[in-house]
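What follows is a single structure, written as structure tokens, with notes after it.
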Amino acid sequence: MKLAAKLILLFMLGVLGIVALFSWQTIRRQLRWDEELRANHVDDVVGALKPAIDDAYRNGGVVTIQQAIEVTARHIPGQELRWVEGVPAGDSETKITSRKVSRISVSDQDGETVAHTFVPLEIDGSQAGGVEVSQSMEHHDQFIRDSMIASLMSLLGVAALSGMVIYFGGVRLVGKPLGQLIDQVHQIGEGKLPQPPALKRNDELGSLAEAISQMSRQLNQQQNTIRHTDRLGTVGTLAAGMAHEMGTPLNVVAGRAGLIASGKLSPEEVRQSAQTIKSEAERMTTLIRQLLDFARQSPTTHTRIDLGQIARTTCDLIEPIADKSSVNINLQCTDQAYPIHGDATQIQQVLTNLLSNAVQAMPEGGTATVALQRPQTSPGDRILVHVTDHGRGIPPDQLDHVFEPFYTTKDIGQGTGLGLSIAYGIVQEHGGDIKVQSEENVRTTFSVSLPAADGPATESAAAPS
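Mind the numbering: the sequence shown is residues 1 to 465 in full-length UniProt numbering, read in order.
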């Protein structure tokens, strides 16, 4: 809207300037034309009086000339004529000071403007005097006032009409579309990707809207690629822990299978050994399926999911790594549902990053706590997830930077600095918030707040499987 207002203002100033200049030039030309008319009229009057003045001057002198002028003036209404004696009349009140036609306009005591035109005359080769023609400028001044009022009204009319046209045109064609594009850019900045074109027009603004939409699609693809890469890095860590964790069930399977093959077991012992082998095989299958599901790149789809079930699955996935580091995972989650709208794989990625960081923060072992809370039960409440470790903590001067890309407090080679940044972006996309509180060498807590969804979560969307 500000750009449209500036365009309107600039156009208005240009229109006002052009109309004002045109009006001034029109009045100026009218004044010159009126002055030329008066000069020609005076010349005609004096030219008509010249024979009578010459004859009166030769026969009777000044008195006779003045009488001849007065008689002639009676036939010319609205004008006064008088004879001005020449230079030889030294005792005359009015003397000739110029031998050229001169004009002057003065105001009388009533404020009325009178134009005086003096025309010098030569009689028999000598400067005998001149004729002064005086005429009222009342009609002339009224004409000027009317012209100025008409110009001003035209100026205001053109300005008002132009302002209305430019305002509505600017708002509808420029201001409103720009506002839509700005809102879309803000949504992209908030992580709402991808975005369709906000405008469908065959002009520059339409091209800009299409370019912004294409940019949002490319950002979405790059964002998904970065998240997938981060998941693959986490998968490597999880695989190492799971390889250690799967050693025990494999040893159990091998031992039971050997006993069965020896033929020394009774039928009941064989049946029990087979059940043990089946149980351990299912346990390994579950771990492998969870790892593959976590590593799989899938399109983002927000459905109703159970945050509690995702937390349980994530804890099971991280448990082999935690055991290897002598870290105990304490899940504080009731049997009630914690429904939210979101993507199960992405939410699991957030919890995996936070829980992995908690385990790595305690190299000498300890307890990592994952606590789920639902403070309210009314519609529109939020679900909280707190991941707490009792490791070395984060220095106060680094707390404001932990969610920045490529920023890490880990040693070189132990982290890329993208995990918390990606987790922050995922939480923001789900309409939530993530914060961190830390006391050095005491505890560090990452708190995730997500909007709760009303109603039960569907079985298929409870957690990635």
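The C-beta atom is built at its ideal place from N, Cα and C for all residues, glycine as well.
In this text, all values refer to a predicted model and were calculated from it rather than measured experimentally.
**OP:** Return helix, strand or coil for residue 373, following the three-state DSSP convention.
**Re:** strand
Subject >> Cut-off 6 Å between Cβ atoms - residues of its own chain near residue 274, not counting five sequence neighbours on either side >> reply: Excluding five sequence positions before and after residue 274, none of the CB atoms of its chain fall closer than 6 Å to its own CB.
Original post:
Do residue 223 and residue 212 have their C-beta atoms closer together than 9 Å?
Top reply: no
Original post:
Three or more C-beta pairs closer than 8 Å, one from the stretch 150-160 and one from the stretch 30-42: is that the case here?
Top reply: no
**OP:** Sort 42, 69, 359, 27 by Cα distance to residue 51 and report the nearest one.
**Re:** 69
Original post:
How would you write the range of the alpha helix (DSSP H) that residue 185 sits in, first residue to last?
Top reply: 176-189
Subject >> Contact between the stretch 423-438 and the stretch 311-329 (3+ Cβ pairs under 8 Å) >> reply: Using a C-beta cut-off of 8 Å, the stretch 423-438 makes no contact with the stretch 311-329, since fewer than three inter-stretch Cβ pairs fall below that distance.
**OP:** Determine the closest residue to residue 360 out of 20, 260, 54, 321, with distance taken between C-alpha atoms.
**Re:** 321
Original post:
If we call anything under 9 Å between Cβ atoms a contact, is residue 219 one with residue 307?
Top reply: Not a contact, by the Cβ cut-off of 9 Å.
Original post:
Considering only residues of the same chain and omitting the five flanking positions on each side of residue 412, which have a CB-CB separation below 8 Å?
Top reply: Residue confidence is low: residue 412 scores 43 on pLDDT, short of 50, so the model does not pin down where it sits. Its coordinate-derived value is still stated next. Answer for residue 412: no residue qualifies.
Original post:
Counting only runs that start and end within the stretch 112-166, where is the beta strand (DSSP E) found for 3 or more residues in a row?
Top reply: 113-123, 126-136
**OP:** Determine the DSSP secondary structure at residue 449, reduced to helix, strand or coil.
**Re:** strand
Original post:
Quick one: what's got a C-beta closer than 6 Å to residue 374's C-beta in the same chain, skipping five residues either side?
Top reply: 383
**OP:** State the beta-bridge partners of residue 363 as determined by DSSP.
**Re:** Answer is none; residue 363 lacks a bridge partner.
Subject >> Outcome for residue 83 when other beta-carbon atoms lying within 10 angstroms are tallied against a minimum of 16 >> reply: buried
Subject >> residue 392 (DSSP reduced to helix, strand or coil) >> reply: coil
Subject >> Neighbourhood of residue 435 by C-beta distance below 7 Å, restricted to the same chain and skipping five residues each side >> reply: 447
Original post:
Can you tell me whether DSSP reads residue 319 as helix, strand or coil?
Top reply: Judged by DSSP in its simplified three-state form, residue 319 adopts helix.
Original post:
To which residues of the same chain is residue 391 closer than 6 Å at the C-beta, ignoring the five residues directly before and after it?
Top reply: 361, 362
Subject >> Distance, residue 13 Cα to residue 182 Cα >> reply: Roughly 28 Å separates the two Cα atoms.
Subject >> Beta-carbon proximity check, residue 389 vs residue 365, cutoff 9 Å >> reply: no
Original post:
In angstroms, rounded to a whole number, what distance separates the CA positions of residue 370 and residue 352?
Top reply: 11 Å
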